[in-house]
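Q: Line by line, the protein sequences give chains A and B. With positions in the first sequence counted from 1, the corresponding number in our numbering is that position plus 92. With positions in the second sequence counted from 1, the corresponding number in our numbering is that position plus 1410.
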Amino acid sequence: MILGFLNLTWPTFANGVALGGVYALMAVGIGLVFGVLRLVNFAYGQLIMAGAFALAYGAQWNLPNWVSILFCFGVVLALSVLMDRLVFRPLRTHSPAVMLVATFAIAFLLQNIALLAFGPLGKSAGSLASLNAPWDIGGVEIKKIAVISVATAAGCLAILQVLLTRTPLGLHMRAAAMDFRTARLLGVRANRVIAAAVMVSGLFAAVSAVMLTAQEITVTYAFGTQDTILVLAGVVLGGLNRPIPATLGGFSIGFASGILGGVLPSNQSQYLPTFLFAAVIVVLLVRPNGLFTRGGGAVERV
Amino acid sequence: MSVVRRIPELLAPALLVLGTALLGLEVSSYLQVYFLDTLVKVAIVVALYLFIGNSGVLSFGQISFVALGAWTAGVLTVPEGQKRIIMPGLAHFLLKTNVGNVASLVLAAAVGAAAALAAGLPLMRLSGLAAGIATFGVLEITSNVLTFNQSIGPGENAFSSVPPTTGIWQAAIGALICLAVAYLYQRTRFGRMLRATREDPAAAAAAGISIYRQRLLAFTLSGALCGFAGGIYVHLQSLAAGDLSLDLTFITLAMLVVGGSGSLLGAVVGTLALNGIYSFFSAAVNTVDVFGWNLTVRAGTAELVLGALMALVLILRPSGLTGGRELSMPRRRRAAVDLEKARVTR
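#1: Go through the stretch 274-308 of chain A residue by residue and report every complete run of the alpha helix (DSSP H) that reaches 4 residues or more, in order.
#2: Consider the Cβ of residue 1713 (chain B): report whether some Cβ of chain A lies at a distance smaller than 8 Å.
#3: What are the boundary residues of the alpha helix (DSSP H) that residue 188 (chain A) is part of?
#4: Between which residues of its own chain and residue 136 (chain A) is the CB-CB distance below 7 Å, once the five residues before and five after are set aside?
#5: Check whether the stretch 1502-1521 of chain B touches the stretch 166-175 of chain A, taking contact to mean three or more Cβ pairs, one atom from each stretch, closer than 8 Å.
#6: Have a look at residue 1540 (chain B) and residue 1701 (chain B) and give me their C-alpha separation to the nearest angstrom.
#7: Counting only Cβ pairs nearer than 9 Å, list the residues of chain B close to residue 345 (chain A).
#8: Could you tell me whether any Cβ in chain A is nearer than 8 Å to the Cβ of residue 1554 (chain B)?
#9: One question on the structure: do residue 1689 (chain B) and residue 1448 (chain B) come within less than 8 Å of each other, judged by their Cβ atoms?
#10: At a Cβ cut of 7 Å, what residues of the stretch 356-367 of chain A count as close to chain B, listed as they run along the chain?
#11: Shorter than 8 Å from the beta carbon of residue 1562 (chain B) to some beta carbon of chain A?
#12: Is there contact between the stretch 1527-1542 of chain B and the stretch 1620-1628 of chain B, where contact requires at least three CB pairs shorter than 8 Å?
#13: Compile a chain-ordered list of the residues in the stretch 181-193 of chain A whose CB is closer than 7 Å to at least one CB of chain B.
#14: Starting from the C-beta of residue 1625 (chain B), find all residues in its chain whose C-beta is less than 6 Å away, skip the five residues before and the five after it, and write them out in chain order.
#15: By the 10 Å Cβ neighbour count, where 16 or more other Cβ atoms means buried, how is residue 1413 (chain B) classified, buried or exposed?
#16: Within 10 Å of its beta-carbon, does residue 343 (chain A) have 16 or more other beta-carbons around it, so buried, or fewer, so exposed?
#17: Just to confirm the assignment, what range does the beta strand (DSSP E) spanning residue 1704 (chain B) have?
#18: Verify the contact flag: residue 1471 (chain B), CB atom, against every heavy atom of the ligand MG, threshold strictly below 7 Å.
#19: Hey, out of A:352, A:377 and A:187, whose CA is closest to residue 132 (chain A)'s CA?
#20: I'd like to know if residue 372 (chain A) contacts chain B, where contact means its C-beta is closer than 8 Å to some C-beta of that chain.
#21: Based on Cα-Cα distance, which residue from A:138, A:144, A:105 and A:126 lies nearest to residue 305 (chain A)?
#22: Does the Cβ of residue 334 (chain A) have 16 or more other Cβ atoms within 10 Å, making it buried, or fewer, making it exposed?
#23: Would you mind working out which of A:302, A:199 and A:243 sits nearest residue 313 (chain A), comparing C-alpha positions?
#24: Scan the stretch 204-215 of chain A for residues whose Cβ lies nearer than 7 Å to a Cβ of chain B and list them as they occur along the chain.
#25: With H, G and I counted as helix, E and B as strand and the rest as coil, what does DSSP make of residue 1467 (chain B)?
#26: Verify the CB distance criterion: does residue 332 (chain A) have a CB-CB separation below 8 Å to chain B?
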């Protein structure tokens, strides 16, 4: 095939696309909150971790899969709302740098709560493992979860696009993302828009948690942290100010991570983070405003 | 007049460090470990302050220079016989080279500065979030390479057999050197120019200040101090690449932010306060005695308390405990006070 060079195979390609899809969802989740609050939520990975632990408990209690997935959604959404009320709201007037450090602190805090509560070894969420079984598509064996991830991510992004462009709430959110103060002056209700953004962002975190847990069964306190750092890099790489560039950035870094993980020979695959971040730095130097944005853009707000 | 008034700016943090060191001499050797650790943290946080505090640019990458300094000082001081055992993959040149304690610290500072200069040359062109993510990238790359490259160090294992030369005096003098360098820097025209870019980049640029050059200078100087502090650290305890990564970045940033990243005093106060609390809860894992009442906590409580404290301080008092101000003598003239107030109000 075309992909025959670099020992890139179809399953590797599918895994790259699947990881890209999940990272794109996370990128949108981070980007939505940034849009209305100018806040980079470093603790996004800990929302995913909480969801993953919910799934692990669902597996432990022998709940049917759909119940434990619902449980996961409940936990993540509750935590998102709590985070908004307790942290984001009091911080809203502070500078973006303070907000970034604060969410960094929240991430660290939640991680250590998980470490205390669930121990260093974590738990296993085995009930979704069946999704790792391969499907035979035209003679190529591709993991079920890869197909499901891509389909779910595409579905979620399509629904979000409809929400943003076809509903009054979406209009308000886009207006708030462009210029929060003017939007408020024109009658957009700040709390409602922020709550909506946080809820949608939480929903995407829950979906990502299900996808990531299906691929990586063992859930520890560090679950999602490395993914979030990569997604943040991807979001900045794509361009934080607009949803579509942010999505593309998230997808790119997930795709690159998945592909490189499969393609690199085993004695080099341990340097995967080095390659990824070196690439990120190079791209940032060439296009500091983002890879998928047009023109110079406004002065940095952070 | 102003010279007298400025004396406490350096004296107050220096006395805090000396007080910690003297207290550390008095306590039992079991407790002394925590004082030593605190002094090393002061050195690291002051190094962070030199760049982050003066430039107002958040960097997640400084701990990578601490790690490089620790690696330099460690690799160059482990006796050759030990090197063959604990670092079998070490490059020939590093295997054969051995230096003394002071030389290893100087080289650690040099390596830190060189690495910071190399990283800063491209990165200081960035600003805002892009800069934050890029410095994160530096941290990830450094810790990834140090963990897996066995030709420059022990790889995934911890450094053992580094001569434990960091006693209370070496730690205290190290912290004082960092303090002095940071203080002298912020009193020079370069420090003032950088602080001007922090307050208002556009106005500073209009006044002819090159933001890029000033940031690069501070970044490099901070890298040198970071490397130096890393050298002191590795002479204190056996370190692994995992110890010098995300967690240490968080802890030191928390100290800087809680104390108040705008002033040298804030960096020292934050470190002493948070490391005191952190040490207390770390020690409490093996039960501490609080006025006759035994307290035992589970591992991880110290980090949890630190995270909660940092979030609280950021929400309630975002400019930190000291509010980003240095300690100075009160002024006599009323008008001058008002002028200063008007200047401080942002």
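For glycine and all other residues, C-beta sits at the position ideal for the given N, C-alpha and C.
A: Walking through what the data contain:
#1: Runs of the alpha helix (DSSP H) inside the stretch 274-308 of chain A: 282-307.
#2: In the second sequence, the residue the question calls residue 1713 (chain B) occupies position 303. It does; some Cβ of chain A falls within 8 Å.
#3: For the purposes of this step, residue 188 (chain A) is identified with residue 96 of the first sequence, where counting begins at 1. Start and end: 188-210.
#4: As a working mapping, residue 136 (chain A) is identified with position 44 in the first sequence. Hits under 7 Å: 118, 121, 122, 297 and 320.
#5: No, the stretch 1502-1521 of chain B is not in contact with the stretch 166-175 of chain A.
#6: Position 130 of the second sequence, counting from 1, holds the residue named residue 1540 (chain B). Position 291 of the second sequence, counting from 1, holds the residue named residue 1701 (chain B). Note on geometry: alpha-carbon atoms of residue 1540 (chain B) and residue 1701 (chain B) lie some 50 Å from one another.
#7: Taking the first sequence and counting its residues from 1, one reaches residue 345 (chain A) at position 253. Near residue 345 (chain A) there are no residues of chain B at all, since even the closest Cβ is about 11 Å away, more than 9 Å.
#8: Counted from its first residue, the second sequence places residue 1554 (chain B) at position 144. Yes - at least one Cβ of chain A is within 8 Å of the one on residue 1554 (chain B).
#9: Along the second sequence, read from residue 1 onward, the residue named residue 1689 (chain B) stands at position 279. Along the second sequence, read from residue 1 onward, the residue named residue 1448 (chain B) stands at position 38. Their beta carbons are under 8 Å apart, which means residue 1689 (chain B) touches residue 1448 (chain B) by this criterion.
#10: 362, 363, 365 and 366
#11: Counted from its first residue, the second sequence places residue 1562 (chain B) at position 152. No - not a single Cβ of chain A is within 8 Å of the one on residue 1562 (chain B).
#12: yes
#13: Flagged, chain order: 182, 183, 186, 189, 190, 192 and 193.
#14: Counted from its first residue, the second sequence places residue 1625 (chain B) at position 215. 1465 and 1534.
#15: Locating residue 1413 (chain B) in the second sequence gives position 3, where the first residue counts as 1. With fewer than 16 other Cβ atoms within 10 Å, it is exposed.
#16: Translated into the one-based positions of the first sequence, residue 343 (chain A) becomes position 251. It is buried - the Cβ of residue 343 (chain A) has at least 16 other Cβ atoms within 10 Å.
#17: Taking the second sequence and counting its residues from 1, one reaches residue 1704 (chain B) at position 294. Note, residue 1704 (chain B): beta strand (DSSP E), 1703-1705.
#18: The ligand MG is not part of the structure shown, which contains no ligands of any sort.
#19: For the purposes of this step, residue 132 (chain A) is taken as residue 40 along the first sequence, with counting starting at 1. Out of A:352, A:377 and A:187, A:187 has the C-alpha closest to the C-alpha of residue 132 (chain A).
#20: As a working note, residue 372 (chain A) is residue 280 in the first sequence. With 8 Å as the cut-off, residue 372 (chain A) counts as an interface residue toward chain B.
#21: Here residue 305 (chain A) refers to the residue found at position 213 of the first sequence. With distances taken between Cα atoms, residue 305 (chain A) lies closest to A:144.
#22: As a first step, residue 334 (chain A) must be located in the first sequence, where it is residue number 242. Buried, since its Cβ has 16 or more Cβ neighbours within 10 Å.
#23: The residue you call residue 313 (chain A) lines up with position 221 of the first sequence. With distances taken between Cα atoms, residue 313 (chain A) lies closest to A:199.
#24: 204, 205, 207 and 208
#25: As a first step, residue 1467 (chain B) is located in the second sequence; it is residue number 57 there, counting from the start. Of the three classes helix, strand and coil, the one that applies to residue 1467 (chain B) here is coil, per DSSP.
#26: As a first step, residue 332 (chain A) is located in the first sequence; it is residue number 240 there, counting from the start. Using a Cβ-Cβ cut-off of 8 Å, residue 332 (chain A) counts as an interface residue toward chain B, since at least one Cβ of chain B sits closer than that to its own.
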